[in-house]
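Quick notes on the structure that follows.
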Amino acid sequence: MKTVLEVLKGTAEYFTKHGVESARLNAELLLAHVLGKKRIDLYMEFDRPLGEIELAPMRERIRKRAAGYPLQYLIGTTEFFGREFKVDERALIPRPETERLLELLLADKSALEKERILDVGTGTGIIALTLAAELPEAEIHAVDLSPDALALATENAASLGLTERVTFFQSDLLESAKGPYGAIIANLPYVPLDDEPTLQRELRHEPRAALFSGPDGTDAIIRLIDQSRAQLKPGGLLVLEIGLGQAEKLVAHFQQAAYNPVRVEPDYNGVPRFLFATYG
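Shown next as structure tokens:
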């Protein structure tokens with residue numbers, strides 16, 4: 078029998094050989110999940126022997142993770158803005174950049190507190206459900222083209238006790254939306270198709286429709302900018318998460334579409350990542 082520490086060391090070494098970043102952290106998170114414990118609990122049980130019943134499910138997860146299957150899908154949950162969300166292959170895995178978007182958006186809660194707000198491309202529901210929890214007087218709607226993603230977002234709403242706070246419905250961007258809205262928020266696909274051959278192997282397991290949007294990654298975003306004019310009230314806000322090198326093109330399109338002012342904000346790494354545009 079192997080101890081907890083021996084399993085962690087062996088798993089981390091195996092992950093390192095197979096190019097898994099943060100190998101020890103991945104090993105700890107996987108083992109904690111298999112054992113039904115918190116990661117910190119493992120440090121109190123390094124000498125605990127593990128039997129075959131516990132090791133068998135760990136081996137399968139190790140194999141998948143070493144082959145590039147995302148850690149979050151193996152664990153089945155991820156934390157976002159202090160809340161736990163279910164994640165699986167039905168939707169894109171939430172990224173830290175989107176957490177930064179919520180920080181910026183909620184810096185002045187009074188500006189949104191009583192507004193009608195629409196989350197476009199909701200995926201796991203992280204934006205809509207975070208806004209619902211943080212803005213109890215706002216009316217929150219959320220749309221996605223994928224029925225599977227909407228089902229996942231609905232499950233997250235139930236687990237967070239927010240089912241009555243968010244209205245989910247299927248829509249290709251704003252085709253089924255019923256404005257006017259005070260704010261429209263969107264984290265749409267923005268990865269250029271031309272970049273597909275060079276992407277991390279983990280991304281191959283995430284929904285393609287949630288990643289790619291035309292040769293330079295801006296097709297869906299430009300469509301949304303144009304559609305939003307009919308769905309925003311005067312002075313309404315359109316907030317976008319965008320890809321690397323897309324800010325200049327999209328700011329110019331905003332200005333042509335009568336949005337002013339347009340503010341560009343960086344992510345945690347200083348990369349221009351978010352656009353805040355006022356219509357009319």
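The opening residue of the sequence shown carries number 78 in our numbering; numbering runs sequentially from there. Just so you know, even glycine gets a beta-carbon here, dropped at the ideal spot from N, CA and C.
- Taken through DSSP and simplified to helix, strand or coil, K191 comes out as coil.
- When the Cα atoms are used, T93 and Q308 turn out to be separated by approximately 49 Å.
- Every alpha helix (DSSP H) stretch that sits fully inside the region 252-322 and reaches 4 residues is listed by chain position as 296-305.
- 7 Å or more divides the Cβ of F246 from the Cβ of I203.
- In this structure, L288 lies near P266, with their beta-carbon atoms less than 7 Å apart.
- No Cβ-Cβ contact shorter than 7 Å links A215 with T199.
- Put simply, the backbone Cα of L227 is about 22 Å away from that of P213.
- E174 sits away from A260, with the two beta carbons spaced by 7 Å or more.
- By alpha-carbon distance to F351, the top candidate from L317, N103, A335 is L317.
- Burial check for F123: the Cβ neighbour count within 10 Å stays below 16, so the residue is exposed.
- A distance below 7 Å between beta-carbons, with the five flanking residues on each side excluded, links H110 to the following residues of its chain, in chain order: I152.
- Taking N264 as reference, the option from I170, P338, P274 with the minimal CA-CA separation is I170.
- With a 10 Å radius around the Cβ and a threshold of 16 neighbouring Cβ atoms, L276 comes out exposed.
- For E342, the enclosing beta strand (DSSP E) has its first and last residue at 336-343.
- Selection Q323, E273, P274, L315 evaluated against D296 yields Q323 as nearest (Cα-Cα).
- Taken atom to atom, the span from the alpha-carbon of E342 to that of P349 is near 6 Å.
- In this structure P126 touches T80 by the C-beta definition: roughly 6 Å separates them, less than 8 Å.
- The beta carbon of Y146 sits closer than 8 Å to the beta carbons of E279, H282 from its chain, once the five residues preceding and following it are set aside; these are given in chain order.
- For D221, the three-state secondary structure derived from DSSP is strand.
- When the Cα atoms are used, M78 and F353 turn out to be separated by approximately 56 Å.
- A Cβ-Cβ separation of about 5 Å places L239 in contact with L206 under the 8 Å criterion.
- By the 16-neighbour rule on beta-carbons within 10 angstroms, P274 is exposed.
- Comparing C-alpha distances from T355 to each of E180, A188, L107, V84 shows the shortest one belongs to A188.
- Residue pairing of E156 in beta bridges, as defined by DSSP: E161.
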